[in-house]
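In order, the protein sequences belong to chains A and B. For the first sequence, the tail end lands on 299 under numbering that gives the first Met the number 0, and the numbers increase by one without skipping. For the second sequence, the tail end lands on 299 under numbering that gives the first Met the number 0, and the numbers increase by one without skipping. For every residue, glycine included, the Cβ atom is placed at its ideal position computed from N, Cα and C. Note sheet for the following structure.
2 protein chains.
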Amino acid sequence: MNLSQLKHLVALAEHRSFRKAADALYLTQPALSRSIQNLEAELNVTLIDRVGRRNTLTAYGEVVVSRARRMLFEEKELRRGLELLNSGLSGSLNIGLGPGPSSAISNPLLRSMAQDYPRIQLTIVRGRFDYLMKSLREELVDAVVIDQRNLNDVADLEIEPLQHLRAGFICRATHPLLTLDRPVTISDVSEYPVASTFLSEEVSRNLMEQLGPEAHPSKLITLRSEEIPSLIETACQTDAIFLGIIAAARREIDAGILRELLVTPVYYRVGRFALVTLAGRTWSPAMKLFQTFCREHFHD
Amino acid sequence: MNLSQLKHLVALAEHRSFRKAADALYLTQPALSRSIQNLEAELNVTLIDRVGRRNTLTAYGEVVVSRARRMLFEEKELRRGLELLNSGLSGSLNIGLGPGPSSAISNPLLRSMAQDYPRIQLTIVRGRFDYLMKSLREELVDAVVIDQRNLNDVADLEIEPLQHLRAGFICRATHPLLTLDRPVTISDVSEYPVASTFLSEEVSRNLMEQLGPEAHPSKLITLRSEEIPSLIETACQTDAIFLGIIAAARREIDAGILRELLVTPVYYRVGRFALVTLAGRTWSPAMKLFQTFCREHFHD
DNA sequence: TAAAAATACTCCATAGGTATTTTAT
DNA sequence: ATAAAATACCTATGGAGTATTTTTA
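Structure follows, in structure tokens:
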């Protein structure tokens, strides 16, 4: 058995065709054919049932492919580990950020890297949960920061929970609701446009439980976008009320442009974010820097 | 990079001597020397510091050795996984059973697997003919056991006929009909509730041909369910008469609770069951065990 | 100056290529 | 009839052996 044969088998399992797999491997079809035959002969089992168009792995093939995948993963990590050692702090860092984390740390992360580690190539990918997890598993990004409540299948992941980020309502400092001489209710809020992202089921349910049926996103939210900065910009310039992570508007709140709007009963919901990486991958020095960064910057 | 080189490096890391490591690997010292050199050349790093007596791994060497250990572990597990599969001691077996076969072999199959092959993952799927065949063709199950009279399109199938299972009438041992001093007729039977599954067209026709129009299921059968054990339970506790595979009531008959009711003219109909798999698929050892099991357990 | 590792040289097993046949749809 | 996979045959690379030299404790 050798690593080439295993690569060949994995490719074959993916393409289900000797021809296509051979092309993908930059090999001739006969070479691939023999490579698989040799592997089968050595292991003394049939790995794939050749049934014309539709080749399928046998039970043996399944066993071999799954182990082979791990071995090839380890090989890739071996080579990457050497490169990391060689490159020191000049490596690259590819990060995937969910909408919440993106609004909270995108800017400070870019600034921090530009100032302190100018030789690190930083790439930030924005996206929805599924897309980010796919990117992570395909090793297109080194890590993602997402709401960990979405995570189901975590067997192959390494998850570092980050500090919670509070969520709430935010409006501009000159907003009429801030001058009210009584507590602001959800009905008051719904008199104005409410700007938010697409909220998960869990968050929606939570909103309703705490603030009543009027708070259901489908009724409450009138302005919806994945671009949180745009939403915040809107809240700055209009009477629209932003609903989301407080930290996303940190700069505007500090500048006195925006203010948190306290709604009774108090809506206080946290985003439970986490730094997620593929288990078994060596962390680059840049990755460790990012971890430190997240720990420091995840707060309200 | 290949697995031999990695084995060599790991041995070298353990023995800290080319000489000793070479001996342990049943290799000559120059061969080992070159093997390591080739690996170093390919990875373009020094893996081990040659300092005469006491060789030590470099930082690169540490990275490579630790990943290599995992790869070799995976390789060992790969081979062990195949052996387990081969010995029939592991693996998975997904079986689809039609109503008749299910009642006849579900329990013994579960018991047999639990006792003799505790590490095989057995899944039994119950269902009607069409559903089972669909599952088989989509490879959701490895095999189905069904009444082969239903089979039409068999081009892509491998069919092993199993021993016929007799069908007939069964009632409890204390049933009034058993004390009759004349042959029991179908009219006698129809005086009582008759419990059975949904019968195929062919079986229905056959029933009528042999026992007359009174025997048509739509008239005859008053208790209908796919759950044969429930029907048998009913026959045990009431004067209802069970119509179906005799073997399904094997246990109760052996225990003297139920008895076969002979109806004149003799109704003797066999279930022509078969073990059906997709042609061209390699049989796992678990599958072969199941085949043997079926051959042994399909009898009255 | 011994023991250890590297080098020089030879052999052959095997992975890969091209050309062709066999198989299955 | 055609696409896919297997087979036949050839070449070249590289891994392993033996003999020998170089290194260093």
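Considering only residues of the same chain and omitting the five flanking positions on each side of residue i, which have a CB-CB separation below 6 Å?
{"i": "residue 193/B", "result": "219, 220, 221, 240 and 242"}
{"i": "residue 100/A", "result": "144 and 272"}
{"i": "residue 120/B", "result": "91"}
{"i": "residue 233/B", "result": "194 and 239"}
{"i": "residue 265/A", "result": "none"}
In this structure, does DSSP put residue i in helix, strand or coil?
{"i": "residue 162/A", "result": "coil"}
{"i": "residue 179/B", "result": "coil"}
{"i": "residue 272/A", "result": "strand"}
{"i": "residue 54/A", "result": "coil"}
{"i": "residue 48/A", "result": "strand"}
{"i": "residue 139/B", "result": "coil"}
{"i": "residue 239/A", "result": "coil"}
{"i": "residue 171/A", "result": "strand"}
{"i": "residue 222/A", "result": "strand"}
{"i": "residue 194/B", "result": "strand"}
{"i": "residue 86/B", "result": "coil"}
Return the CA-CA distance between residue i and residue j, expressed in angstroms with no decimal places.
{"i": "residue 259/B", "j": "residue 48/A", "result": "46 Å"}
{"i": "residue 249/A", "j": "residue 64/B", "result": "47 Å"}
{"i": "residue 70/A", "j": "residue 279/A", "result": "12 Å"}
{"i": "residue 134/A", "j": "residue 154/A", "result": "17 Å"}
{"i": "residue 21/B", "j": "residue 30/B", "result": "8 Å"}
{"i": "residue 255/B", "j": "residue 97/B", "result": "27 Å"}
{"i": "residue 274/B", "j": "residue 293/B", "result": "8 Å"}
{"i": "residue 285/A", "j": "residue 1/B", "result": "30 Å"}
{"i": "residue 287/B", "j": "residue 184/B", "result": "44 Å"}
{"i": "residue 213/B", "j": "residue 188/B", "result": "10 Å"}
{"i": "residue 215/A", "j": "residue 162/A", "result": "26 Å"}
{"i": "residue 170/A", "j": "residue 231/A", "result": "9 Å"}
{"i": "residue 319/A", "j": "residue 167/A", "result": "Nothing about residue 319/A can be read from this structure; chain A reaches only from 0 to 299."}
{"i": "residue 159/B", "j": "residue 15/A", "result": "28 Å"}
{"i": "residue 24/B", "j": "residue 27/A", "result": "35 Å"}
{"i": "residue 45/A", "j": "residue 282/B", "result": "10 Å"}
{"i": "residue 208/A", "j": "residue 228/B", "result": "47 Å"}
{"i": "residue 211/A", "j": "residue 203/A", "result": "11 Å"}
{"i": "residue 6/A", "j": "residue 6/B", "result": "19 Å"}
{"i": "residue 127/B", "j": "residue 62/B", "result": "56 Å"}
{"i": "residue 151/A", "j": "residue 253/A", "result": "37 Å"}
{"i": "residue 74/A", "j": "residue 73/B", "result": "12 Å"}
{"i": "residue 85/B", "j": "residue 298/B", "result": "28 Å"}
{"i": "residue 19/A", "j": "residue 114/A", "result": "47 Å"}
{"i": "residue 132/A", "j": "residue 226/A", "result": "20 Å"}
Using only alpha-carbon positions, find the residue among the options that is nearest to residue i.
{"i": "residue 149/B", "options": "289/B, 183/B, 141/B and 198/B", "result": "198/B"}
{"i": "residue 91/A", "options": "141/A, 16/A and 214/A", "result": "141/A"}
{"i": "residue 17/A", "options": "43/A, 50/A, 42/A and 114/A", "result": "50/A"}
{"i": "residue 80/A", "options": "77/B, 208/B, 264/B and 43/B", "result": "43/B"}
{"i": "residue 36/A", "options": "19/A, 60/A and 180/A", "result": "60/A"}
{"i": "residue 181/B", "options": "202/B, 204/B and 263/B", "result": "263/B"}
{"i": "residue 186/B", "options": "128/B, 261/B and 54/B", "result": "261/B"}
{"i": "residue 236/B", "options": "223/B, 224/B, 251/B and 225/B", "result": "251/B"}
{"i": "residue 83/A", "options": "179/B, 58/B, 19/B and 114/B", "result": "58/B"}
With C-beta atoms as the reference, is residue i less than 8 Å away from residue j?
{"i": "residue 3/A", "j": "residue 32/A", "result": "no"}
{"i": "residue 123/B", "j": "residue 289/B", "result": "no"}
{"i": "residue 245/A", "j": "residue 165/A", "result": "yes"}
{"i": "residue 247/B", "j": "residue 111/B", "result": "no"}
{"i": "residue 205/B", "j": "residue 268/B", "result": "yes"}
{"i": "residue 87/B", "j": "residue 130/B", "result": "no"}
{"i": "residue 56/A", "j": "residue 12/A", "result": "yes"}
{"i": "residue 196/B", "j": "residue 224/B", "result": "yes"}
Which same chain residues, not among the five before or five after residue i, have their C-beta less than 8 Å away from its C-beta?
{"i": "residue 175/B", "result": "238"}
{"i": "residue 277/A", "result": "135, 136, 138, 155, 156 and 157"}
{"i": "residue 172/A", "result": "255, 256, 257 and 258"}
{"i": "residue 41/A", "result": "0"}
Within a Cβ cutoff of 7 Å, which residues of the same chain sit near residue i, ignoring the five residues on either side of it in sequence?
{"i": "residue 9/A", "result": "64, 67, 68 and 71"}
{"i": "residue 270/B", "result": "99, 146, 163, 164, 166 and 244"}
{"i": "residue 105/B", "result": "96 and 123"}
{"i": "residue 107/A", "result": "296"}
{"i": "residue 39/A", "result": "45 and 46"}
Quick one: is the Cβ of residue i within less than 7 Å of any heavy atom of the ligand MG?
{"i": "residue 94/B", "result": "Absent from the structure shown: the ligand MG. Ligands present: none."}
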